[in-house]
Amino acid sequence: AGAEAAGAAARAAIGAANALRDAANDAFQQMRHLLAGRRQLLGKLGGGGARPDPGNSVTVSTAEVQYVLGNLQHSLKPTVMANGKPVARTVNHLKQDLLAQLRTALPGDKAPALAEEDGDAIDLVGMLFDHIMKDVRPSSPASSLLAKLQVPLLRVALQDKAFFTRPQHPARQMLNAIAETGAYWLGEDDADQQLVGKMNAVVDRTVRDFDGDLSLFSNLLEDLSSHLQTISRKAEVAEKRHVEAARGKEKLALARDRASEVVEGMLGRQELPRFTHTLLSQAWTDVMALTALRQGEDSAAWAHQLAVAERLIQVAQSPPGITLTTEQAQALRQEVLASLSQVGYHEEEAAAIAQRLVEPQTLADDDSAASRTEMTLRMKSRARLGEEMEPGQRAKIPLSTEEQARLEQIKHLPFGTWFEFTLNQQGDKVRRRLSWFSTVTGHMLFVNHRGQKVGEYTLESLARLMAQNQAKLVEEEKGTMIDRAWSTVMNALRTFAGQSPAGNPQ
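Counting along the sequence shown from 1, when you hit position 227 you're at 207 in this note's numbering, and nothing is skipped either side.
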């Protein structure tokens, strides 16, 4: 009974495999029919594409084509010279090399001719690669990687027509992994060299080892996918750190704004010496901001620092002859010294400032105006707490109607939205992911595929770029890159044949 069950299962598996093969062949024949319609139309328009005259040609077998392609697989370079410059090799270049090699084995002046089915398979692969390369920067590592894969994948397509019709085909999945990773992950100038090395190793092994065994693609795809998953996990960790840092800076900016508001409210009612005014509006505002950030406005620490500021104002406004006791002066100096040290003042500088604030009358007799002015200027020139958050006090240029509309659109976008930015006048583009933004400060955080922070943007600057078509949203894409490319190719063929683009067979 067990043997019978095993036999039945084996027969069922064979039957299923045969059914898949037959379905793939039927779909391929439909593609050939569409390709013939395109070829016929191009012939009528004088654009070429018609079959060569068979009178002086010899049709070569698929086995002969596979043999020559096997030799070319190990000898072809990924670039060819065009107008004195190296350009990526196309499948059309490869087809010419194939025919040239086949010609050397024929007698006399006979020309080689591919079997119609083989020629169609090569043309379809060529159309697929041509479309894929539109999404790849010519100078990127991906361009060379894809060119190297042309011969092995041509051999796959000649051997197994399911390559054209089955999205889960291992060679097709391998091509998609290289194409998507190359177009998006390696599309930047600072491409991850470790990933470049891994992809080169996978592609080079494909070129070196493929000789008809499709399981090679499955094994290499598993290896590459594992590597990409590791990189993705690292990217998530890196992005999370950048988001946490951005949120921390956001909180600091808000704390600074609140501290400035409170201190300015205190100073607005007072007549104070310039030195005291500068200290409170600059250094002490930073002290208050740090306190708000760490402990909040409802904390005892916030109330205490506010009380110290009020005490300093009282000291500065004290009439001649009214001074603090020695103990009071010592305690207030220590308060000021400790607080200034927290916001980056060196001990000696903080001590001098504290002494001048706490005992202004005692120092007035032997203190020159030049010395006070020098210390005031030093305080004004110091880097402020969180100052790197501020893009500069530039006058804001009002947004146009279009830019304002884009701004409102951006504010409603979810984190994780992808944008495509145009980098230069040549039209090179790069994708960046919107990781975080603040509608309060207007700051935005973008990362690349590796989770690294890229570019400096604000809500308004991005709105201007979008209005200028220098940045655009990347629409959510269905299916893989190869599936979409193949769908476009098939729709183009249907259009040539006068059919509706809908309903392509993958």
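A virtual CB, placed ideally from N, CA and C, is assigned to each residue, including glycine.
Identify the residues that DSSP records as bridge partners of residue 443: which are they? The residue labelled residue 443 in the question sits at position 463 within the sequence shown. According to DSSP, residue 443 bridges with nothing at all.
From the DSSP output, in three-state form, read off residue 124 for me. Indexing the sequence shown from 1 puts residue 124 at position 144. DSSP places residue 124 in helix when its eight states are reduced to three.
Between residue 163 and residue 115, is the Cβ-Cβ spacing less than 9 Å? Here residue 163 refers to the residue found at position 183 of the sequence shown. Here residue 115 refers to the residue found at position 135 of the sequence shown. Contact: yes.
Residues of its chain near residue 338, where Cβ-Cβ distance is below 6 Å and the 5 sequence neighbours each way are ignored: Position 358 of the sequence shown, counting from 1, holds the residue named residue 338. Answer for residue 338: 309, 312 and 313, listed in chain order.
Taking contact to mean 3 or more Cβ pairs, one atom from each stretch, closer than 8 Å, check whether the region 391 to 410 and the region 448 to 467 are in contact. yes
Using the C-alpha atoms, what's the distance from residue 137 back to residue 146? Position 166 of the sequence shown, counted from the start, is the residue given in the question as residue 146. Position 157 of the sequence shown, counted from the start, is the residue given in the question as residue 137. Between residue 146 and residue 137, the C-alpha separation is close to 12 Å.
Alpha-carbon spacing of residue 386 relative to residue 392, whole angstroms: For the purposes of this step, residue 386 is taken as residue 406 along the sequence shown, with counting starting at 1. For the purposes of this step, residue 392 is taken as residue 412 along the sequence shown, with counting starting at 1. Looking at the two C-alpha atoms, the distance is approximately 10 Å.
With a Cβ-Cβ cutoff of 9 Å, do residue 134 and residue 473 count as a contact? In the sequence shown, counting from the first residue as 1, residue 134 sits at position 154. In the sequence shown, counting from the first residue as 1, residue 473 sits at position 493. Cβ distance not < 9 Å, so residue 134 and residue 473 don't count as in contact.
Determine the DSSP secondary structure at residue 95, reduced to helix, strand or coil. To locate residue 95, count along the sequence shown from 1; it is residue 115. Reduced to three states, the DSSP call for residue 95 is coil.
For residue 117, the nearest candidate out of 165, 151 and 140 (CA to CA): Looking up residue 117 in the sequence shown gives position 137. When each option's Cα is compared against that of residue 117, the closest is 165.
Let me check one thing: in DSSP terms, what residues is residue 424 bridge-paired to? For the purposes of this step, residue 424 is identified with residue 444 of the sequence shown, where counting begins at 1. The partner list for residue 424 (beta bridge, DSSP) reads 417 and 437.
Run of the alpha helix (DSSP H) containing residue 150, from where it starts to where it stops: Position 170 of the sequence shown, counting from 1, holds the residue named residue 150. Per DSSP, residue 150 belongs to the alpha helix (DSSP H) from 150 to 160.
Is residue 264 near residue 319, with beta carbons less than 9 Å apart? In the sequence shown, the residue the question calls residue 264 occupies position 284. In the sequence shown, the residue the question calls residue 319 occupies position 339. Taking 9 Å as the Cβ cut-off, residue 264 and residue 319 qualify as a contacting pair.
Chain-order list of residues whose beta-carbon lies under 6 Å from that of residue 211 (same chain, five-residue window excluded): Numbered from its first residue, the sequence shown carries residue 211 at position 231. Correct list: empty, nothing qualifies.
Measuring straight from C-alpha to C-alpha, what distance separates residue 193 and residue 132? On the sequence shown, residue 193 is found 213 positions in, with the first residue counted as 1. On the sequence shown, residue 132 is found 152 positions in, with the first residue counted as 1. Distance between the alpha carbons of residue 193 and residue 132: 11 Å.
Would you call residue 327 buried or exposed, if buried means 16 or more other Cβ atoms sit within 10 Å of its Cβ? Here residue 327 is taken as the residue at index 347 of the sequence shown, counted from 1. Counting Cβ neighbours within 10 Å, residue 327 comes out exposed, since fewer than 16 surround it.
Would you decide whether residue 61 is buried or exposed? Buried here means 16 or more other CB atoms lie within 10 Å of its CB. Translated into the one-based positions of the sequence shown, residue 61 becomes position 81. So residue 61 ends up on the exposed side.
Among residues of its own chain, excluding the 5 on either side of residue 189, which ones have a beta-carbon nearer than 7 Å to its beta-carbon? In the sequence shown, counting from the first residue as 1, residue 189 sits at position 209. If we look at residue 189 and ignore the five residues flanking it on each side, its Cβ neighbours are 196.
Tell me whether residue 68 is buried or exposed, calling it buried when 16 or more other Cβ atoms sit within 10 Å of its Cβ. If you number the sequence shown from 1, residue 68 lands on position 88. It counts as buried.
Please work out which residues of its chain come closer than 6 Å, Cβ to Cβ, to residue 446, disregarding the five sequence neighbours upstream and downstream, and give them in chain order. The count along the sequence shown starts at 1 and reaches residue 446 at position 466. Within the same chain, residue 446 has close Cβ partners 386.
Around the Cβ of residue 99, are there at least 16 other Cβ atoms within 10 angstroms (buried) or fewer (exposed)? Stepping through the sequence shown from its first residue, residue 99 is reached at position 119. Result: buried.
For residue 89, does the count of other Cβ atoms within 10 angstroms reach 16, so buried, or fall short, so exposed? Indexing the sequence shown from 1 puts residue 89 at position 109. Per the 10 Å Cβ criterion, exposed.
Residue 48 and residue 10 - do their beta-carbons sit closer together than 9 Å? Here residue 10 refers to the residue found at position 30 of the sequence shown. Here residue 48 refers to the residue found at position 68 of the sequence shown. No, these two residues do not count as a Cβ contact at 9 Å.
Residue burial classification, residue 423 (beta-carbon count within 10 angstroms, cutoff 16): Working through the sequence shown from its first residue, we reach residue 423 at position 443. It counts as buried.
Counting along the chain, where does the alpha helix (DSSP H) carrying residue 395 start and finish? Translated into positions along the sequence shown, residue 395 becomes position 415. First-last for residue 395: undefined, no H or E at that position.
Cβ-based neighbour list, residue 455, same chain, cut-off 6 Å, excluding 5 preceding and 5 following: As a first step, residue 455 must be located in the sequence shown, where it is residue number 475. Same-chain partners within the cutoff: there are none.
Decide if residue 372 is buried, meaning its Cβ has at least 16 other Cβ atoms within 10 Å, or exposed. Mapped onto the sequence shown, residue 372 falls at position 392. For residue 372, the predicted structure reports a pLDDT of 44, less than 50, and the residue's modelled location is therefore unreliable. A value from the coordinates is still provided. When all chains shown are included, residue 372 counts as exposed.
Straight-line Cα distance separating residue 299 from residue 345: Here residue 345 refers to the residue found at position 365 of the sequence shown. Here residue 299 refers to the residue found at position 319 of the sequence shown. With a pLDDT of 47 at residue 345, under the threshold of 50, the modelled position of this residue cannot be trusted, and the question is left open.
Length of the line joining the Cα atoms of residue 427 and residue 78: Residue 427 sits at position 447 when you count from the first residue of the sequence shown. Residue 78 sits at position 98 when you count from the first residue of the sequence shown. Spanning the two alpha carbons is a distance of roughly 44 Å.
Out of 209, 200, 107 and 330, point me to the one whose CA is closest to residue 470's CA. Sequence index remark: in the sequence shown, residue 470 carries index 490 (1-based). Of the listed residues, the one whose Cα sits closest to residue 470 is 107.
Three-way DSSP call (helix, strand, coil) for residue 251 in this model: On the sequence shown, residue 251 is found 271 positions in, with the first residue counted as 1. Here residue 251 sits in coil by DSSP.
Could you check if residue 149 is buried or exposed, using at least 16 other CB atoms within 10 Å of its CB as the buried criterion? Translated into positions along the sequence shown, residue 149 becomes position 169. Buried, by the Cβ-count rule.
Note down the Cα distance separating residue 409 from residue 261, rounded to an integer number of angstroms. Taking the sequence shown and counting its residues from 1, one reaches residue 409 at position 429. Taking the sequence shown and counting its residues from 1, one reaches residue 261 at position 281. About 45 Å.
Distance between residue 443 and residue 237 (C-alpha atoms, nearest Å): In the sequence shown, the residue the question calls residue 237 occupies position 257. In the sequence shown, the residue the question calls residue 443 occupies position 463. One C-alpha to the other measures close to 25 Å.
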